[in-house]
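Respectively, the protein sequence lines represent chains U and D. When you read off a place in the first sequence, starting at 1, and then add 37, the result is the number in my numbering. When you read off a place in the second sequence, starting at 1, and then add 668, the result is the number in my numbering. Even for Gly, the Cβ is constructed at its ideal location relative to N, Cα and C. What follows is a single structure, written as structure tokens, with notes after it.
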Amino acid sequence: EAGVAQSPRYKIIEKRQSVAFWCNPISGHATLYWYQQILGQGPKLLIQFQNNGVVDDSQLPKDRFSAERLKGVDSTLKIQPAKLEDSAVYLCASSSPAPGGPHNEQFFGPGTRLTVL
Amino acid sequence: QKEVEQNSGPLSVPEGAIASLNCTYSDRVSQSFFWYRQYSGKSPELIMSIYSNGDKEDGRFTAQLNKASQYVSLLIRDSQPSDSATYLCAVIAGGTSYGKLTFGQGTILTVHP
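And the structure:
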């Protein structure tokens with residue numbers, strides 16, 4: 038079974054530029070998550086999708102971050118404009134079955150390391 | 669108070685010893701608990717999940733859960749240098765959390781030969 042795929046693996050941009058990350062979850066996984074992991078910290082949830090609907094985006098900085106999952110499979114996360122403090126690893130994860138149940142094991146992709154200069 | 673708190677590291681143990689990693693959580697109705705291992709420069713990898721009070725063993729790993737004390741731990745027996753990594757405790761709260769994982773800050777474990 039193929040794992041969660043993400044691209045690009047690394048990205049370096051100047052502040053105020055825009056950037057986009059792509060994620061393809063494990064086949065059949067209805068729930069997709071985007072996390073931000075700053076060096077030395079645990080991952081922090083940015084947004085969670087159930088199929089193509091958002092179920093939690095309470096920690097997404099909506100003035101600059103956006104995400105979509107149009108057909109309930111792939112997802113993109115965008116930052117526009119980027120700030121220095123956005124430098125982090127952006128992790129995508131997926132899970133099955135439906136969230137809220139006791140067995141919601143999440144599996145992570147390799148992540149995208151973003152450096153904002 | 670942090671929602672999920674792990675024992676401060678780094679933790680250093682000799683090869684062959686037992687490594688003990690601890691985690692406390694604040695939400696009393698939390699229902700699912702996970703341990704992830706993260707090697708430097710890599711993404712988190714799920715190694716254990718536990719949902720009921722007591723112990724759960726998988727090979728050299730044992731997860732322990734005490735919901736009354738809001739405490740979960742991970743024991744690694746016969747520690748190997750390959751176990752050197754950051755260990756992340758993660759919790760799913762109860763209620764309408766939609767399966768949201770809240771992570772601790774991680775504990776760095778070093779196993780020296």
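Taking Cβ-Cβ distances shorter than 9 angstroms, what residues in chain D pair up with residue i?
i	result
GLU142 of chain U	SER700, PHE702, LEU714, SER717
ASP94 of chain U	The premise fails here: ASP94 of chain U is roughly 11 angstroms from chain D at the closest Cβ pair, so nothing lies under 9 angstroms.
If we call anything under 8 angstroms between Cβ atoms a contact, is residue i one with residue j?
i	j	result
PHE729 of chain D	ILE718 of chain D	no
GLY146 of chain U	CYS129 of chain U	yes
HIS697 of chain D	CYS757 of chain D	According to the sequence as given, residue 697 of chain D is Val; it is not His. Cβ distance not < 8 angstroms, so VAL697 of chain D and CYS757 of chain D don't count as in contact.
ILE715 of chain D	TYR707 of chain D	no
GLN117 of chain U	SER55 of chain U	yes
Who are the neighbours of residue i on chain D, taking C-beta pairs under 8 angstroms?
i	result
SER132 of chain U	GLY767
GLN73 of chain U	By Cβ distance, chain D contributes nothing, its closest Cβ being about 11 angstroms from GLN73 of chain U, past 8 angstroms.
LEU128 of chain U	SER711, PRO712
Residue i versus chain U: which residues are under 7 angstroms apart at the beta carbon?
i	result
SER694 of chain D	Those do not exist, as SER694 of chain D stays about 15 angstroms from chain U at its closest Cβ, beyond 7 angstroms.
What's the C-alpha gap between residue i and residue j?
i	j	result
LYS686 of chain D	LYS710 of chain D	Rather than Lys, the amino acid found at residue 686 of chain D in this sequence is Ile. C-alpha separation (whole angstroms): 24 angstroms.
VAL126 of chain U	PRO749 of chain D	25 angstroms
VAL779 of chain D	LYS48 of chain U	32 angstroms
SER103 of chain U	ALA57 of chain U	9 angstroms
SER133 of chain U	VAL92 of chain U	15 angstroms
LEU76 of chain U	PRO678 of chain D	15 angstroms
ASP723 of chain D	LEU742 of chain D	10 angstroms
TRP675 of chain D	LEU154 of chain U	Here residue 675 of chain D turns out to be Asn, not Trp, going by the sequence shown. Each residue's Cα considered, the two are about 33 angstroms apart.
GLN87 of chain U	GLU105 of chain U	11 angstroms
ASN721 of chain D	GLY727 of chain D	19 angstroms
Applying the criterion that 16 or more other CB atoms from any shown protein chain within 10 Å of the CB defines a buried residue, is residue i buried or exposed?
i	result
TYR70 of chain U	buried
LYS99 of chain U	exposed
THR152 of chain U	exposed
SER737 of chain D	exposed
GLY684 of chain D	exposed
In this structure, how does DSSP classify residue i when only helix, strand and coil are distinguished?
i	result
LEU35 of chain U	There is no way to answer for residue 35 of chain U, as the model of chain U reaches only from 38 to 154.
LEU154 of chain U	coil
GLU683 of chain D	coil
LEU121 of chain U	helix
SER64 of chain U	coil
ASP100 of chain U	coil
ASP695 of chain D	coil
ASP746 of chain D	coil
ASP94 of chain U	coil
Starting from the beta carbon of residue i, find every residue of chain D whose beta carbon is closer than 7 angstroms, and list them in chain order.
i	result
PHE145 of chain U	SER711, PRO712
GLY148 of chain U	SER711
LEU82 of chain U	LYS768, LEU769
What residues of chain U sit near residue i, judged by a beta carbon separation below 8 angstroms?
i	result
GLN773 of chain D	GLY77, GLN78, GLY79
PHE742 of chain D	With the sequence shown as reference, residue 742 of chain D is identified as Leu, and Phe is not the correct amino acid for it. None at all; the shortest Cβ gap to chain U is about 15 angstroms.
LEU756 of chain D	GLY79, PRO80
ILE686 of chain D	Result: empty, since nearest Cβ-Cβ is about 24 angstroms, beyond 8 angstroms.
At a threshold of 7 angstroms, does residue i count as lining the ligand ADP (C-beta to nearest heavy atom)?
i	result
ALA42 of chain U	Ligands in the displayed structure: none, and consequently the ligand ADP is not present.
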